[in-house]
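Just so you know, the sequences run in chain order A and B.
Note that the numbering used here has the first sequence beginning at 1, numbered continuously upward.
Note that the numbering used here has the second sequence beginning at 1, numbered continuously upward.
Glycine included, every Cβ here is placed at the ideal spot set by N, Cα and C.
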Amino acid sequence: MTASFEIIAFSISAFVAVAGALGMATTMSMFRSGIFLMASFIGVAGLFILLAADLMGVLQIMMYIGGFLVMILFMIMVMHDPGGAMMAGMDMSLIERWFSKGLVPRAPPDGNDDGQMHHRGHKQANSARKQHAQENGRDPEKRGPGHHGGKGGSGMQAGGASHGGMDMGGMDMSMVTPVRPIAAWLAGAVGLLLVGMLVLRPNWRFVEALPDPDSARRVGHLLMEKYMIAFEGAGFLILIGIFGSVLLARPSSYPDESSRAARVAVDAGPEPIRDEGLRPLAEQSPASALRSDRRHSDEHGA
Amino acid sequence: MGVITTAAVVLIALLAGAALTAVLERVFVRAGWEAGPAQTADIRHDLEIANSDRWLLPAGPLVALAGVSLATIVVPFGPGLVGRDLGIGVFYVIVVIDFVVLGIALAGWAANTTDSIEACYRIIAQLAAYVVPLGFAYVGVIMMAGSLSTVAIVGAQHDLWFVIVQPLGFVLYIVTGLMQSCRAPFLEPFAASIGGGVIGVSAGWSALLWRFVLSGVLFLVAAIGAVLYLGGPNGPLLPGWAWMLIKSYGLMALMLGLGRCVRPLSTAQMLALSWKVFIPLGLLNVLLVGVLILLGTGPSRP
Chain A
1 MTASFEIIAF SISAFVAVAG ALGMATTMSM FRSGIFLMAS FIGVAGLFIL
51 LAADLMGVLQ IMMYIGGFLV MILFMIMVMH DPGGAMMAGM DMSLIERWFS
101 KGLVPRAPPD GNDDGQMHHR GHKQANSARK QHAQENGRDP EKRGPGHHGG
151 KGGSGMQAGG ASHGGMDMGG MDMSMVTPVR PIAAWLAGAV GLLLVGMLVL
201 RPNWRFVEAL PDPDSARRVG HLLMEKYMIA FEGAGFLILI GIFGSVLLAR
251 PSSYPDESSR AARVAVDAGP EPIRDEGLRP LAEQSPASAL RSDRRHSDEH
301 GA
Chain B
1 MGVITTAAVV LIALLAGAAL TAVLERVFVR AGWEAGPAQT ADIRHDLEIA
51 NSDRWLLPAG PLVALAGVSL ATIVVPFGPG LVGRDLGIGV FYVIVVIDFV
101 VLGIALAGWA ANTTDSIEAC YRIIAQLAAY VVPLGFAYVG VIMMAGSLST
151 VAIVGAQHDL WFVIVQPLGF VLYIVTGLMQ SCRAPFLEPF AASIGGGVIG
201 VSAGWSALLW RFVLSGVLFL VAAIGAVLYL GGPNGPLLPG WAWMLIKSYG
251 LMALMLGLGR CVRPLSTAQM LALSWKVFIP LGLLNVLLVG VLILLGTGPS
301 RP
């Protein structure tokens, strides 16, 4: 019972850790990338808990949920395409397509007229297919790999016929960089090395002692007694870091009075969120982004 | 047997919390001020959102529900009526409730409307606001009880409830608990001005699940508050589980009623309140509790 449970728990945690890391590296959406990395670390936390280091595991979950959500916010602030809407329509390898499933591709905002005509044609095709798919009760976004390249590429290709499986006309917009095969080989080699180290195990010492069930108390005593100087020193350094960032972010740290006034004005009346001009490919009315599926009530009304 | 009891306790607790929240939402209504997370979502129909991320959107409520259910495991509902008495009990609760924030952020981003992404930003800001003062509200109790286990904390309050010794910590807990459960003064992520946030873009089973999760979080916060400050299931005459439920629901009513007496705060005001007032208060509370422990107040220590 316990042994088989351990094997199952280990498999799930290890799978989540590895698949999360793979998804992090291959998905087109930066937001998803952050979430995948979080999932990977939560899988590692599961491994910690399996090793009876529950405090470490829970600490890991706390750090990565809170820290990564804030990190994702900063990433959204500086990224050009955090949702992967533009990248999702591009030529992707199988694994990238798998981890980017469900992303809705959009045309980039600088599409010319030709692209827009194309765009409209796609709109109709898209809505028609959606209708068809709804009749069949299928996921409307499910489509063959051939259709994929043509869909999002329509906006940036000037007048090219959008057939499946085309190349990007000299523009290498895919995520495949020349370094990637080398990185993949390197990762494989490191993985092989680790597995080899496990198989050809050196003479590790086995101890019969059971782990302390109240490990938090033990860790707390170590932190507050033996390693107190290092612990408090780290806390002090972080405090100095917080002071520094607060000082830098203050409006009064601006070099002259006019830029400070501008900053204060922005704080007082923040600029409203503008539409970024990305046109959705999926059919929708501009007034409301939501479309309630009221087929039942319509039927009753009729 | 243990598994069945745990599941039944989790289910009963969530159901009772949901029912009582529904009652309270009708009693504590005050004209002009928002009552709480909007209850306007349509449970009977499904909602199809164009351009939503079809994988992350259903993951949101499921992740949030997982957080609530996992946290309920360590709540002692009576002598011996606890899912699992973990050695890191209350720390585990702090960590696992973060999954609710993760779920709201996931669903908000994945719905891909302006309002829901605003809700995603606001809930992350709320996390950054409440986590540190919430930790301080727990730390005073943990210092006095000398343990992280919920059962040990309840045992330490056999003679004297911690609310009498640490009134400041109790106030801190009520305020941060309201932030954590997104109730009256701190309901920016679910405000009506952004269409109810993630509730506005959910319908059908996900709306039902959101309602369940938000009620469950409120109940959980109240139950943990009863364990930390009101002595948990300790009490004369009535059985333990009855005392626990009375204390939880009493604390829940107190929190909701006090929250309704304050004008709803914006996210920026909440952050300012949290970092400028409640973190210093939390540090002061830790200092006071340390002095009290040195003076010999509280449970006899080993």
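Beyond the five residues adjoining it in sequence on each side, Ser29 (chain A) comes within less than 6 Å, by CB distance, of Gly83, Gly84, Leu103 in the same chain, given in chain order. Considering only A:Gly244, A:Phe10, A:Met56, the residue with the shortest C-alpha distance to Arg218 (chain A) is A:Met56. For Glu6 (chain A), the uninterrupted alpha helix (DSSP H) run begins and ends at 2-26, by DSSP.
If you draw a straight line from the Cα of Asp85 (chain B) to the Cα of Val141 (chain B), it comes to about 17 Å. In the displayed model, Asp115 (chain B) falls within a helix according to three-state DSSP.
Taking 9 Å as the threshold, the shortest C-beta distance from Val68 (chain B) to chain A does not fall below it. Secondary structure note for Asp54 (chain A): its alpha helix (DSSP H) is the uninterrupted segment 54-78. Per DSSP, the continuous alpha helix (DSSP H) segment holding Ile174 (chain B) begins and ends at 167-180. Taking a C-beta cut-off of 8 Å against chain A, the contacting residues of the region 119-139 of chain B are Tyr121, Ile124, Leu127, Ala128, Val131, listed in chain order. DSSP, read as helix, strand or coil, puts Asp46 (chain B) in strand.
Between Leu178 (chain B) and chain A, the shortest Cβ-Cβ separation is not below 9 Å. Of A:Ile42, A:Ala216, A:Pro181, the smallest CA-CA separation from Ser13 (chain A) is found for A:Ile42.
In terms of Cα proximity to Ala7 (chain B), the closest of B:Ala64, B:Ser69, B:Asn51 is B:Ser69. Of the candidates A:Met63, A:Ala53, A:Ala52, A:Leu223, the residue whose Cα lies closest to the Cα of Met38 (chain A) is A:Met63. Taking the Cβ atoms as the reference, Arg122 (chain B) lies roughly 4 Å from Pro189 (chain B), within the contact range of under 8 Å. Across the region 41-62 of chain A, CB contacts with chain B closer than 7 Å involve Asp54, Leu55, Val58, Ile61, Met62, in sequence order along the chain. The DSSP-derived three-state label of Val221 (chain B) is helix. Taking a C-beta cut-off of 8 Å against chain A, the contacting residues of the region 101-114 of chain B are Val101, Leu102, Ala105, Leu106, Trp109, Asn112, Thr113, Thr114, listed in chain order. Interface annotation for the region 228-243 of chain B against chain A: empty, criterion Cβ-Cβ distance under 8 Å. Ile238 (chain A) and Met224 (chain A) have their alpha carbons spaced roughly 17 Å apart. When 7 Å is used as the limit between beta carbons, Trp55 (chain B) is near these residues of chain A: Lys101, Gly102, in chain order. Sixteen is the threshold: since fewer than 16 other Cβ atoms of the shown chains lie within 10 Å of the Cβ of Cys261 (chain B), the residue is exposed. Interface with chain A (9 Å Cβ-Cβ cutoff): Ser149 (chain B) is included. In this structure, DSSP gives Arg32 (chain A) a helical state, which the three-state scheme calls helix. Listed along the chain, the chain B residues whose CB falls inside 8 Å of the CB of Ala216 (chain A) are Gly87, Ile88, Phe91, Leu148. The beta carbon of Ala50 (chain B) falls within 9 Å of a beta carbon belonging to chain A, placing the residue at that interface.
Pro167 (chain B) sits exposed, since fewer than 16 C-beta atoms from the chains shown fall within 10 Å of its C-beta. Nearest to Val286 (chain B) by alpha-carbon distance, out of B:Arg26, B:Ala226, B:Thr150, B:Val132, is B:Val132.
Secondary structure of Tyr229 (chain B) (DSSP, three-state): helix. Between Gly232 (chain B) and Trp241 (chain B), the alpha-carbon positions lie close to 9 Å from each other.
For Gly66 (chain A), the chain B residues whose C-beta falls within less than 7 Å of its own C-beta are Asp98, Leu127, Val131, listed in chain order.
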